[in-house]
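If you read the sequence shown in full-length UniProt numbering, its first letter stands for residue 1, the second for the next number, and so on.
Here a beta-carbon is modelled for each residue, glycine too, at the ideal position from N, C-alpha and C.
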Amino acid sequence: MTERLITLKEVQEMIGFKKDYIYRNIKKGTFPKQISFGGRAVRWRLSDVQKWVERQTQI
């Protein structure tokens, strides 16, 4: 089964935070890392972001 990849815009809509928050937390190691396709083309695994959301609701 192929993993669905989502854009930064979709990540922002899912979690309700802006780009700065996402990248700051990637650097801190508290948010899933993006997959780079060269240049500015990046995507996230939907399942990784969903797991992150689940962990946040358990805190």
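Item: Going straight from the alpha carbon of VAL49 to that of MET14, what length do you get?; Value: 8 Å
Item: Just checking ARG45 against the ligand HEM - is the residue's beta carbon closer than 6 Å to any of the ligand's heavy atoms?; Value: This structure lacks the ligand HEM; in fact it carries no ligand of any kind.
Item: Can you tell me which of PHE37, TRP44, GLU3, LEU5 puts its alpha carbon nearest to the alpha carbon of ILE26?; Value: TRP44
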